[in-house]
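Residue numbers (my numbering): 4 to 1073.
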């Protein structure tokens, strides 16, 4: 369009579809972009750039196969186009073709091996494929580029760890901790590796260090507790589990482990109390009932102990050890008949052998009468040994293992070859958790009986507890060489190998168990877990299917099976499996959480949200799920409920900056701006360096009109991230809102100078408005024109531009602009009114009257327009019609002050000053202090020569609006007419006090000073006029007069010549 070309400038494009498609693409209108790109490709099918952008658009629409086709064309046309290769790789990745994606990324890296983003994506792909070794090597290349990047170094360590490369993993985590001494996550990883390689003390030290930095670090707390237990430091282990329970009272596993450790340290009272708390929550736990019974038994609380054992026997009536202990307690209570019945149960169920720690080899001849004097010494020695043996057995029975150990040690002082005592010694050490010494004691047993499987098994477990995995494995292998059917040892061997990262060997052990017992569910489940960890989900699922199809609910197996289905994308099957468990009455938090996650993955956000709501309703302490729920409710458009979910989260996690940020965002969406601002303040307080939080806070403040605060935050963000276009844009809007127009103008110009998105019409309109405020009208017009180049049907912008052009007195351009509006909206009343006003100003009264008549045809109630119509008619000589229109305008307007006001204005224009005063008086009857009406009266009085009355009216108006510089100027000009130059000068001073840039006030002041003979001061005032209006010929002429009066004739002559030229030029232009 020629008119807009004149304002902005534009050139033609030989393939017009490219610009249109690119514009749609940049605006995020991808459906429209695809349509335009198709047209562009028809013109230029081998254009790599077009094919690339077409592929990108299709990717945004999730049409990856179509995108792949175009991106392959792009790279075929331009093999050096890195962006096209990258986009093709991303598309293949999204469609699941990981190998193809890798090939694309390798092609990019071949050209430039230093592209970090591609290296990162290659690491992700290799990790997804379970290729941890190559993933680690790729990660190493990233470290070569950024050797100080802690995140990459940590990830390298994790990949090495997954690949069992313990040395390099330790080295990586050590580097992370050196750079970030508070990095507890890397400390935990280091500790786990140290445990695996048997360096338990070092592992404990690193866990202690982690907990110094973060006392609530859950992985460190758990790992430390289990390791203390593993190395036999039960008191410390119990304390560690107590700390875990303090942070999480619902952790029953930690509570049970603490009870176990308290038991082995002899703190039976604390043990019983801890178990009692567990049983309140899980009353069917027979292991807990058994342990509590033994603890109470050892405390002598036999009645309570019997009750505990009864609970065990309800579930396990053939458990001989429980019958045995129940008998002991009943004996302690004097209930011997019942006790005897318990012992009968023990004898029947153990083949007459009793329980394992009852010594059935007591030498009963010890109590026979000695008959041979020569045997007295020997008998005494045997008696003492047997007494120590029985005493030790009794202590063992009572759980006083240290006392039992003392007894057995005294026997060994005289009978070091007594293998049975060495066995008992090892049992004492096992009970006291001294695993290292257990192995030494059992070594003595195995020297005598190398194939003793029980001793080998216990020795293997002892080595396992001390982290001597290879020695443990030797013990288990020795047992299996003698008895290949020992399922328990095969299980321990499999667990050990899996823990050592030897997955294949562990699977072989489990296969041995399944060969012996094909339906062994425990082994099938363990095998599935290992295969799943090896990224073999299909094989893992096959292992679980016999358990799933058995008809019995094994919750652990089912949950593992569901996880596999979810991982492999079989989401509908996973949901069906969960439904089957629910129909069986199993409702567990983890299961419902998994269900919610799967529903979200299949796109059923509403169903997912419903599950999360049920979980949180039943378990409000699961606050982390409230965050997920909030996000899903946002997607569903349920913003008030989302805000409630985020509030639930932050109430439980008051120092979580991310939670406060999300809460603030949701509050902003429901109009709770004050609360939203407070939420962002909290988020920023917890993470003052988080640019995202600060940006959201600034945008909210911008939205609610707190422009100064918003601008301050944007200034801080700009200092940290000067190249961020969103920050530059937001700052410009904030400065504009704060009325810092010059700064806002610079900010918008900087934004557009550096922004890739040049068609940001909202920002460009804002820049145009700011330019209007700063007086840069041409620049404002140019920006409005740029907006209209993008959207020629934007009527609002056309009207803004038209009003601006009218203000700039570019009346011909205004008419052309209204012509353009008429192309799209021929009956746009605002445009027609502006057009009529401009035609009137140009003296084209006939055309103006025609335009106003058209407005009245559309809206005959518009009195102001009718008044202008009337004036246009009168100016064009159609007086009778004009008066008729005035009559219509005033018809029925007796109670309407605005109509009287317009009549007064019209009368002033027509020279009917007396009538104007009457109409103004009628306005003032309704609105007594309307300065506009008073000013009209003053103006009319002045025109009628009633200067004193006019002066009085100006005084009255100024009493109402004392800071109106226009009133002060008008008063000054009247005082000049009255010859009161001194008072006039003071009036102009007041005008300049309230409007320093008003050239008419400066000119009036100059006239007053000139009349008072103060020519130098008058010249200063006239210079000020010329600074503001350089083309003001009257000011130049007046300056010449002042210079003449000062005798500066040469300068005065020059002023007169300049004034003459300006006047002649103005007349020529007119």
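Even glycine gets a Cβ: it sits at the ideal position worked out from N, Cα and C.
| Query | Result |
| --- | --- |
| Meets three-Cβ-pair contact criterion under 8 Å: the region 249–260 and the region 269–282 | yes |
| Residue 805 vs residue 790 beta-carbon contact at 8 Å | no |
| Beta-carbon gap between residue 961 and residue 974 smaller than 8 Å | yes |
| Closest Cα partner of residue 3 within the set 910, 105, 730, 783 | The structure shown has nothing for residue 3, since the chain only spans 4 to 1073. |
| Limits of the unbroken alpha helix (DSSP H) element including residue 478 | 472–485 |
| Pairwise C-alpha distance: residue 717 and residue 527 | 59 Å |
| Inter-residue spacing [alpha-carbon to alpha-carbon] between residue 932 and residue 963 | 7 Å |
| DSSP state of residue 1050 mapped onto helix, strand, coil | coil |
| Chain-order list of residues whose beta-carbon lies under 7 Å from that of residue 173 (same chain, five-residue window excluded) | 193, 196 |
| Test item: CB-CB of residue 456 and residue 485 under 8 Å | yes |
| The region 650–663 contacting the region 619–638, beta-carbon criterion three pairs below 8 Å | yes |
| With 16 other Cβ atoms within 10 Å as the buried cut-off, status of residue 491 | exposed |
| Simplified DSSP assignment, three categories, for residue 163 | helix |
| Residues near residue 107 by beta carbon distance below 7 Å, same chain, minus five either side | 88, 91, 92, 95 |
| Three-state secondary structure assigned by DSSP to residue 857 | helix |
| Cut-off 8 Å between Cβ atoms - residues of its own chain near residue 993, not counting five sequence neighbours on either side | 968, 971 |
| Option in 290, 44, 953 with minimal Cα separation from residue 319 | 290 |
| Closest by C-alpha distance to residue 1061, when choosing among 1037, 1051, 1048, 1049 | 1037 |
| Length of the line joining the Cα atoms of residue 451 and residue 422 | 8 Å |
| Inter-residue spacing [alpha-carbon to alpha-carbon] between residue 482 and residue 429 | 18 Å |
| Beta-carbon contacts of residue 217 that lie in its chain and below 7 Å, excluding the five residues immediately before and after | 187 |
| Closest Cα partner of residue 990 within the set 1008, 827, 823, 550 | 1008 |
| Alpha helix (DSSP H) segment containing residue 829, residue limits | Run containing residue 829: none; DSSP gives neither H nor E here. |
| Within 8 Å, strictly: CB atoms of residue 725 and residue 758 | no |
| Sequence-distant residues of the same chain with beta carbon closer than 7 Å to residue 1059, five excluded per side | 1040, 1043 |
| Stretch pair the region 142–153 + the region 175–183: three plus CB contacts closer than 8 Å | yes |
| Beta-carbon proximity of residue 190 to residue 223, cut-off 8 Å | yes |
| Given residue 269 as reference, the closest of 435, 113, 815 once Cα atoms are compared | 435 |
| Beta-carbon spacing of residue 465, residue 442 below 8 Å | yes |
| Inter-residue spacing [alpha-carbon to alpha-carbon] between residue 844 and residue 766 | 33 Å |
| CB-CB length for residue 736 against residue 782, believed under 8 Å | Actually they are not in contact, since the Cβ atoms of residue 736 and residue 782 sit about 18 Å apart, beyond 8 Å. |
| Cut-off 7 Å between Cβ atoms - residues of its own chain near residue 857, not counting five sequence neighbours on either side | 835 |
| Separation of residue 944 from residue 1064, as counted between CA atoms | 36 Å |
| Rounded straight-line distance, which links the Cα of residue 746 to that of residue 536 | 59 Å |
| Cβ neighbour criterion (16 or more within 10 Å) applied to residue 862 | exposed |
| Where residue 530 falls, given that 16 or more other Cβ within 10 Å makes a residue buried | buried |
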